[in-house]
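Numbering (the working numbering), first residue to last: -19 to 130.
The next block holds one structure in the form of structure tokens; read it before the comments.
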């Protein structure tokens, strides 16, 4: 006896094309914890210990590695990105280096797709983009004056 009705496969709710979230949630308020607009949350990016704070909308289904790459590419166009040879940068969240965390995950053998932004962030948080000179000291950019040691 044939089945009476065959259901078509349904998409998982909250996942749109290209594995991007589409959900809308109103958390504590716009650009605050828990807020989602079409699956995007707001994350502040602070430039160094004393720098300006900019923000960006980040889809909650992005991988952590892609998020770090997006923040770095956003900083490349600005003045704060290290243009001097031998200088490096790092991205911190809650006093932990996200670059070191990604390296640790690679050493453990975890797949890059396992670590999503939604697993670490809930929106409204701040990550800190720091620049280090060739001697490993943090350098702070001041407009018109260039870099100085902290």
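All C-beta atoms, glycine included, are put in the ideal place defined by N, C-alpha and C.
No experiment lies behind these values; they were computed from the predicted model shown.
DSSP places residue 27 in the uninterrupted beta strand (DSSP E) bounded by 20 to 27. Contact check for residue 68 against residue 30 fails: the beta carbons are separated by 7 angstroms or more.
Linking residue 20 to residue 117 through their CA atoms gives a straight-line distance of about 34 angstroms. Sequence-distant Cβ neighbours of residue 26 in its own chain, meaning closer than 6 angstroms and more than five residues away, are 33, 106, 108. Per the coordinates, the alpha-carbon of residue 120 lies some 15 angstroms from the alpha-carbon of residue 72.
One thing to note: residue 22 has its Cβ no nearer than 7 angstroms to the Cβ of residue 14. Annotation note: the region 53 to 126 contains the following uninterrupted beta strand (DSSP E) runs of length 3 or greater, listed N- to C-terminal: 68 to 73, 106 to 112, 118 to 122.
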